[in-house]
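Throughout, our numbering is defined as the position within the sequence shown, counted from one, plus 20.
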Amino acid sequence: MSDLTRRTVLGASAGLLSVGLTQARAAEVGTMPEDPHAIGTVTGSKVELPPLHAASEAEGPLPNPDPFTKRLGVAVVGLGHLSLGEILPGFGQSKSVKVVALVSGHREKARAVAAEYNVPERALYDYASFDSIKNNPEIDFVYIVLPNAMHLEFVTRAAQAGKHVLCEKPMATTSADAERMIAACRDAKVKLMIAYRMQYEATQRAAIAMVRKKEIGELRLIQAVNGQNDTPGQWRQVKAIAGGGSLPDVGIYCYNAFRYLTGEEPVEVTGRMTQPTGDPRFSQVEDLANFTLQFPSGVMGVGTSGYSIHEARALKAMGTTGWIGLDNAFAYNNIAMTVSRKVGQVNGIDHRQYPPKSQFATEMDHFADTIRRDVVPHTPGEEGLQDIRIMEAIYRAAEGGSPVKMPLVQGLDTTRGPAPATEG
């Protein structure tokens, strides 16, 4: 028998054997009674399954995303590192949104990205044709991911096209521009949300809850650092485009955290900057920024941002009976919490890590929910405007060498909408 014939016969025999085993296995499984508890239940479009583990084990709920046809459509405006590396992949973890359009100044890049995410050619726009998004009913909101100085123009144009707007932070390069963006969306009767991803992240939400419930006693001091070592030649190093250096880009995470942990607004800020000579990255903007925020309750926030240090992202809230520390505090993933409090006669250390999820999916899902329910987003334009006002005050303090007073604001969370829903 030739090799070919032998292989043919052996292959056929293996196939028959496989079929026999499959049928036997099917017959065996078929004798098992159907257990509704094991199969789960379906209510509407939501699937529920019984837990796999005992109550002692951590186990989150099933995602149960909306049917694809019922998700809100998003146009992503700008296809740089953030969009390609985080935002577009984040749609895969979203419950309520889908990408339906792309806006880019580079047609070839837009087509390549569109092929990856099944966006049709007709839904590709450049900056000149951007206004025609008004004729695309599949677009419910746009996500502005452009250089800071371009936010005003494209938020305004999106609002005039009748689309809700999610805009990256910092909201603008000046408070005057931020005010114009709020007015444009208000006049067009569309919602404006600023993409403060950390305010929707599970670890940060847990830290906020612990501080507000006084689980570490009375909050007294918050420290934060957010820095990285950047390559030269980026638009973020051009003052007219970025509005500043490390402060508006990564420092804003620090003082925004001071604000959302306390719920308060500062009454005084200080600032100091470094601008190394001979380094082309800092010919127009600052490298290191050190700043303090004093709050009405007496809490002090101390922050540092930088563009020339190895990646450092930490946040620590210290109270009278304990502290909460976050490592990788402002990163896209791997945020870890440490809590220190007295346990019996010793100081206990408690390490926690919350289930990872795309922060961009979480914030986009929140915005979709507020659009559907017609409520104010948790981080509306007013939240972004306040941060720009604080940024301007820090720059004034650094330039003048003296603290800058801020208006007293009564109440908590005065620039925020309702807290995002907690999954579970």
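We treat Cβ as the ideally placed atom computed from N, Cα and C, and that holds for glycine.
State the Cα-Cα distance for the pair residue i and residue j, rounded to the nearest angstrom.
i           : j           : result
residue 441 : residue 143 : 32 Å
residue 162 : residue 391 : 12 Å
residue 428 : residue 124 : 42 Å
residue 227 : residue 235 : 10 Å
residue 68  : residue 81  : 9 Å
residue 218 : residue 167 : 20 Å
residue 407 : residue 354 : 26 Å
residue 250 : residue 63  : 50 Å
residue 405 : residue 195 : 6 Å
residue 225 : residue 266 : 25 Å
residue 118 : residue 107 : 11 Å
residue 240 : residue 338 : 6 Å
residue 312 : residue 98  : 33 Å
residue 431 : residue 317 : 11 Å
residue 308 : residue 293 : 6 Å
residue 153 : residue 382 : 24 Å
residue 40  : residue 75  : Confidence at residue 40 is low in this model, with a pLDDT of 49, below 50, so its placement is unreliable and no value can be given for it.
residue 151 : residue 352 : 32 Å
residue 216 : residue 244 : 16 Å
residue 376 : residue 252 : 32 Å
residue 299 : residue 258 : 13 Å
residue 164 : residue 341 : 42 Å
residue 422 : residue 286 : 16 Å
residue 115 : residue 297 : 48 Å
residue 148 : residue 329 : 38 Å
residue 8   : residue 242 : The question about residue 8 has no answer, for the chain in this structure spans 21 to 444.
residue 200 : residue 186 : 15 Å
residue 60  : residue 83  : 15 Å
residue 393 : residue 112 : 23 Å
residue 128 : residue 135 : 11 Å
residue 181 : residue 276 : 30 Å
Quickly, what does DSSP pair residue i with across the bridge? List them, please.
i           : result
residue 66  : 63
residue 145 : 123
residue 243 : 322 and 336
residue 84  : Per DSSP, none; premise fails for residue 84.
residue 214 : 187
residue 371 : 358
residue 342 : 361
residue 425 : 288
residue 92  : 117
residue 366 : 363
residue 237 : 235
residue 139 : Bridge partners of residue 139: none, in fact.
residue 97  : 123 and 164
Rounded C-beta distance between residue i and residue j? I'm assuming under 8 Å.
i           : j           : result
residue 301 : residue 327 : 6 Å
residue 319 : residue 290 : The Cβ separation is near 15 Å, so there is no contact.
residue 372 : residue 359 : 7 Å
residue 158 : residue 105 : With 8 Å as the limit, residue 158 and residue 105 do not qualify as a contact, their Cβ atoms being about 25 Å apart.
residue 212 : residue 401 : 4 Å
residue 179 : residue 204 : 5 Å
residue 398 : residue 439 : 6 Å
residue 324 : residue 247 : 7 Å
What are the start and end residues of the alpha helix (DSSP H) that includes residue i?
i           : result
residue 419 : 401-420
residue 357 : First-last for residue 357: 356-363, but that is the beta strand (DSSP E), not the alpha helix (DSSP H).
residue 383 : 379-393
residue 260 : 259-262
residue 281 : 272-282
With DSSP as the reference, label residue i as helix, strand or coil.
i           : result
residue 41  : Below a pLDDT of 50, predicted positions are generally treated as unreliable, and residue 41, at 49, falls in that range; no measurement from the model is reported.
residue 191 : coil
residue 155 : helix
residue 114 : coil
residue 438 : coil
residue 46  : Low local confidence applies: a pLDDT of 49 at residue 46 is under 50, so the model's placement there is unreliable, and no value is given.
residue 330 : strand
residue 208 : helix
residue 105 : helix
residue 251 : coil
residue 304 : coil
residue 77  : coil
residue 347 : strand
residue 133 : helix
residue 317 : coil
residue 433 : coil
residue 296 : coil
With residue i as the anchor, note down where its beta strand (DSSP E) starts and where it stops.
i           : result
residue 176 : Careful: residue 176 lies outside any beta strand (DSSP E), inside the alpha helix (DSSP H) at 171-180.
residue 161 : 161-164
residue 224 : Unbroken run through residue 224 is the alpha helix (DSSP H), 222-232; no beta strand (DSSP E).
residue 288 : 288-293
residue 312 : 309-314
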